[in-house]
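For reference, the structure is listed below as C-alpha cells.
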Amino acid sequence: LLVSEQHAGQIAPSTPRVGLRLAARVVSTSERAVVEILTLVDPDRPAPGQSVRVAIYRAGDSDGDPVISRNAISDIQGRRDVQLVQLQPGAYTVVATLGDQSSHVGLWVVGGRYAGWANSPGQVAVISDRASYRPGDVAQLLVTQPYARAQLLLSSEQGKLLSVTAYELRASQLITLSITPEMAPAVTIGALIAAGGERLVGSSRLYVVDDRPRLSVDLASDATRYSPASSATLSITASIGGVPSAADVLVRIEPAQVAGGLPPLAEFAPGPPLPLATAMLRAEVDEGESDKTRSSTVVVQGDSGSALQADDRIRLDGHATLRVTLPDISGDWRISAYAVSDDGQVATSTQIVTTRDALEFSLSAPQMLRTSDQAVLSLLVHNTLSISQSLQIGLEADGGKIDATTPSERQVILAPGDSQRLNWRVGPQAGARVIKLRYALSGEPPIAQLSRDLTIEAAASPANESTTSRPEASRSIILQQEYLDPQSDGPINLSNLRSGALLRLRVSLICTEQIAQANLEIPLPGGLQPLKLIAQPPFATAEPADEAGHQLLVRAANLSPGVYSITALVRADAQGRFSAPGARLRIGNDATPIVALPPGQRLIIGKDEQP
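Letter by letter, the sequence shown follows residues 1 to 611 in our numbering.
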C-alpha cells in the first residue's frame, strides 16, 4: 500500500542579521576608528542593500543619547566600512542595528593622559587592540589604570609562566607586544599595577592564529627487520609546505611498547623572555635509561667520520641519510625523529623496526654426567623469518661418544615460524673428565656455533657402591619436565604468570631397557588447571590421584627402550608466582618413586643406584 500526500505552502525568508567588528579596538584621540559591518541572511549567504544604523555610546549608557550615529547601506557582499569621527578619551560602546537585530563591541580611546577608566574594585582591564593575531603581528595593549603614573608588572602565561616584564606606566600609555608562533593558539597576559599603597590586578587572553605552512618530517628505514646490533640506514626529510627546509633533528630509539606520540617536551627548551625567540633543541640525555633501550651511535653519511650519540641533535638541510646502530638484543623498537624548524615549529615521525636473529636456539643439557650414564642433549631451533630456511646442524663431542641411533649430522628444513627439537644421545669416553660439545649450524649465510662443556663425575669405588639393585631400572632412565610457551615452544617463566595464561607441560622419559610396568605421576601447582593431556603409547592416561585434578597420571605396561613424551595443556586460573613440583616415576609395584628435579632439569637414574 502506497500513500502519497501533497501540501502547498511558502518558506518564510530568514531575517537579515548584522555583525560588526573594529579594525582596532584601541585608538588614540588623533585617530578615526573604522567599523566593519557585515549583513547576512544565512551563515554563508550575504544580505546586500541593507540599511544599518551605527551609533556610538558612552560605555554603560547604551540607553541614553548616542555620541554620534551614522547610517550605512551594505554592498553586494553584505559589507560596509564606516569611519567615525575623532573621539574624546574614554570607553565607548559601538552598536550596529538592522531592524530588530543588533550587535555591539567595545571601543577605547586614549590620549591626553586620560585616567578616568571605570574599573571594578581592585581590578584593571587589559584591552588588546584586536580580537586575534597572527605570528609577526604587534599587539597594542591598554591597561586601564586610574593613576597618572604607576608601576606595571606584565606577565605572559601559557599553561606556565613564560615571561615577566616591569614598566613605568603613564596614564593612557599603550604597551606593545610582538606576537610569536609560540603564543598560538592563545596566551594569557596578566597585569599588576602598583601605585602608592594600592595594588590592582587584571588579565586578558590573546588569541593567535598560526596559519603558516606547517613543518613536517618524514622518516624511513631501509628495512623493518634487522639482526641485533646491526646498523639501520634512516632517510629523514624535513619540509615546510612541501618544500625541503632546514631544521634541527633529534633521533631517539626506545622499546616499541613505550608510549609514543608527541615529542618529549623536556627535549625542547623555551626561548628567553619577551620578546620570545624560537624554541631551540636541548641536547640533553635522560638519565637512568638502560643501554639496551637506546642506540649507541648515529653517524651522518658523508660527514668526516663524526658520530653523534643517540639523543644528540643534528642540523638537517632538508634531507639527510643517517646510519644508526640498533640495540644488541632482540625486540621491537620505535625510532623517532623530532624536528624543530628555525621559526619554532615542531614535528615528529616514527618508524617501528624489529631486531631478531634469523634463528633462535634453546640448548638443553645436564650439568654433570656419570661414567656409566648416557645424556640426552636437546637443541630447539626456531625460524623467526617469514621464509623457509634450510640448515645443516652438526654436533661434535670431544671426550664423548655420540650414539649411532642419533646421527651427529642433521639436515633440517624449517617453514616460516616453525620450530624443531633435535636430540642426541651422548656418553663419555673411557678416562674422559669432560665432554666438550660443539654445535655448528650452517646455512646461507653461515649462522652460528654453540659450545658447552659437560663434566663427567668420577666413578665411586666398589666399596662405596650400593648393593641395592632395581631390576626394572637396571639401565639408565632419564626423566625431564618442562613448562613451555604453546606458541614458541620455548621455556616459560612460572614466577610471574597472568591469569588465563596457557602453558604446555612436557614430560620426557628415556629408557634403555624393557620395563614391565611404569606409573608416571605429574603433579600441578595450585592455580594451574589441566585442559588436555596427550600420552604417547604405550603410555595411557588414568584417573588423577586427587579429585581436584592437580595431579595427572599416566601408565605404561611393557615399556620398550626409547624416548617417550607426555604433554598437557594447562591454564593459569590465578595471577602470581607458581612453584612447579617435579614429575614422579614409579617402577613396577615399588612404592618409592623416582622424583624429578625442577622443570628444565633432568634426573638420571643409573645402574644399581638408589633414587
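Glycine is no exception: its CB is placed at the ideal position from the N, C-alpha and C atoms.
Contact test: residue i Cβ vs the ligand ATP heavy atom, cutoff 6 angstroms
i	result
L22	As for the ligand ATP, it is missing from this structure, which has no ligand bound.
Same chain, Cβ closer than 6 angstroms to residue i, neighbours up to 5 away in sequence not counted
i	result
R17	L40, Q101
A557	Q517
R79	L38
T455	M368, V434
A184	V208, D210
A150	L169, I193, A195
L502	P486, R571
Unbroken beta strand (DSSP E) run spanning residue i, endpoints
i	result
G202	198 to 208
N493	It is not in any beta strand (DSSP E) - N493 carries neither H nor E in the DSSP assignment.
W108	101 to 110
G49	Unbroken run through G49: none, as it is neither H nor E.
D81	79 to 83
R214	Segment: none, R214 is in no beta strand (DSSP E) and carries neither H nor E.
S230	No beta strand (DSSP E) contains S230, which DSSP labels as neither H nor E.
G336	In the sequence as displayed, the identity of residue 336 is Ser instead of Gly. Its beta strand (DSSP E) spans residues 331 to 341.
E360	359 to 364
Q392	389 to 398
R433	Where R433 is concerned, there is no enclosing beta strand (DSSP E), given that its DSSP letter is neither H nor E.
R130	Segment: none, R130 is in no beta strand (DSSP E) and carries neither H nor E.
R584	584 to 587
S69	68 to 73
R17	17 to 22
I175	174 to 178
P530	528 to 535
M368	368 to 370
Chain-order list of residues whose beta-carbon lies under 8 angstroms from that of residue i (same chain, five-residue window excluded)
i	result
Q536	Y564, S565, I566
A432	G399, G400, I456
S116	Ser is not the amino acid found at residue 116; the sequence shown has Gly there. Here the set comprises P89, G90, P146.
T176	V138, A139, Q140, L141
G613	Nothing can be reported for residue 613: it is not among the residues displayed for the chain, which extend from 1 to 611.
I534	I566, T567, A568
Spatial distance of residue i from residue j (CA atoms)
i	j	result
R584	Q480	10 angstroms
S499	R571	8 angstroms
W333	A223	13 angstroms
Y226	D328	10 angstroms
A320	T354	22 angstroms
S120	V201	10 angstroms
V208	L22	17 angstroms
G106	S30	18 angstroms
L524	V507	12 angstroms
V187	Q351	34 angstroms
S103	A96	5 angstroms
R58	Q140	22 angstroms
P181	I189	16 angstroms
D489	S419	7 angstroms
A415	S341	48 angstroms
A125	I73	34 angstroms
D403	E396	12 angstroms
L20	P135	24 angstroms
I335	I253	5 angstroms
G443	G394	12 angstroms
Q257	L152	50 angstroms
I236	R214	17 angstroms
S203	Q123	9 angstroms
G527	L484	17 angstroms
T165	A118	25 angstroms
I76	Q50	10 angstroms
L622	G417	Any answer about residue 622 is impossible in this case: the structure gives the chain only from 1 up to 611.
Proximal residues to residue i (C-beta, below 7 angstroms), its chain only, five neighbours per side dropped
i	result
L142	V26, W108, V110, I127, L174
T406	N423, W424, R425
S560	Q514
query = Counting Cβ pairs, one atom from each stretch, are 3 or more of them under 8 angstroms apart for the stretch 363 to 379 and the stretch 241 to 250?
reply = no
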